[in-house]
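K.L.:
Below you will find the structure I want to go over with you.
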Amino acid sequence: MTDPEESGQQGAYAEGRVRPSFVAEFVRAATGALILAFVIMTFVARAFTVEGPSMLPTLHTGERLVVERVTYLFRPPRRGEVVVFRYPLDPREYFVKRVVGIPGDRVAVRAGYLWVNGQKLEEQYVSARPLRSFPEVQVPEGRYFVMGDNRNNSEDSRDPRVGFVPKELIVGRAIWRYWPIQSLAVLTPPESLRTLP
């Protein structure tokens, strides 16, 4: 037989011990979640908000993107991929553009068309054909030629302030637009750039 008074004290003591255990578990779970979020944000993916019209009609101001950072640890950027990179003149600023030239490519704009390695591209994804010509250049090793889809309103590799973008300034590849929800979409390279030899 047990003393009811004694058993009541044990019950209260047991109940009292549950609370510190719950708090400790909560703190551990929250700490784990913060560490996981830090690892994901640092090494796996980041969210970015589009600012400005340079990627119209593909991306609009205020849209939000998931930019993954893992792929380019294993392979270089490919033509047609939408990338986020640090602005060469101020690495605190981020730009979003499309890769149109990879190392070794010859890139030019003539008569309103983008030419890559001597091939004229039909680009259905641009807002309008470029009005200004750009002389043929060869993309150096370790650098990329990027352009906005809004060809006539984009500060990109045609501008000496941007120029060829070094791989180390590329933050990652924009893989999908998640906001606004009605514009949810996976961002895939257009066939005209993807199929170039």
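Residue numbers for the sequence shown follow this note's numbering, beginning at 80 and rising by one.
Note that beta-carbon positions come from the ideal geometry of N, C-alpha and C, so glycine has one too.
These numbers come from a predicted model, not from an experiment.
In three-state DSSP terms, what is R237?
P.N.:
The count along the sequence shown starts at 1 and reaches residue 237 at position 158. R237 falls in the coil class under three-state DSSP.
K.L.:
Cβ of R158 within 8 Å of Cβ of L275?
P.N.:
Along the sequence shown, read from residue 1 onward, the residue named residue 158 stands at position 79. Along the sequence shown, read from residue 1 onward, the residue named residue 275 stands at position 196. In contact: R158 and L275 (Cβ atoms closer than 8 Å).
K.L.:
May I ask you to report which of helix, strand or coil DSSP gives A103?
P.N.:
Taking the sequence shown and counting its residues from 1, one reaches residue 103 at position 24. Residue state, collapsed to three classes: helix.
K.L.:
Near E220, what residues of its chain come up, given a Cβ to Cβ distance below 7 Å and the 5 sequence neighbours on each side ignored?
P.N.:
In the sequence shown, the residue the question calls residue 220 occupies position 141. Within the same chain, E220 has close Cβ partners P182.
K.L.:
Count the other CB atoms within 10 Å of the CB of T102; is the residue buried (16 or more) or exposed (fewer)?
P.N.:
As a working note, residue 102 is residue 23 in the sequence shown. The amino acid occupying residue 102 in the given sequence is Val; Thr does not appear at that position. With fewer than 16 Cβ atoms within 10 Å of its Cβ, V102 is classed as exposed.
K.L.:
Out of curiosity, what's the CA-to-CA distance linking M80 and T110?
P.N.:
Your numbering for residue 80 matches position 1 in the sequence shown. Your numbering for residue 110 matches position 31 in the sequence shown. At M80 the pLDDT is 42, less than 50, meaning the model places this residue with poor confidence; the figure from the coordinates comes in the next sentence. Rounded to whole angstroms, M80 to T110 spans 45 Å at the Cα level.
K.L.:
Measure the beta-carbon distance from V146 to A124 and round it to whole angstroms, keeping in mind my assumption that it falls under 8 Å.
P.N.:
For the purposes of this step, residue 146 is identified with residue 67 of the sequence shown, where counting begins at 1. For the purposes of this step, residue 124 is identified with residue 45 of the sequence shown, where counting begins at 1. Indeed, because the Cβ distance is near 6 Å, the residues count as touching under 8 Å.
K.L.:
Less than 8 Å between the C-beta atoms of L144 and A253, yes or no?
P.N.:
For this step, residue 144 is matched to residue 65 along the sequence shown. For this step, residue 253 is matched to residue 174 along the sequence shown. Yes, the Cβ-Cβ distance between L144 and A253 is below 8 Å.
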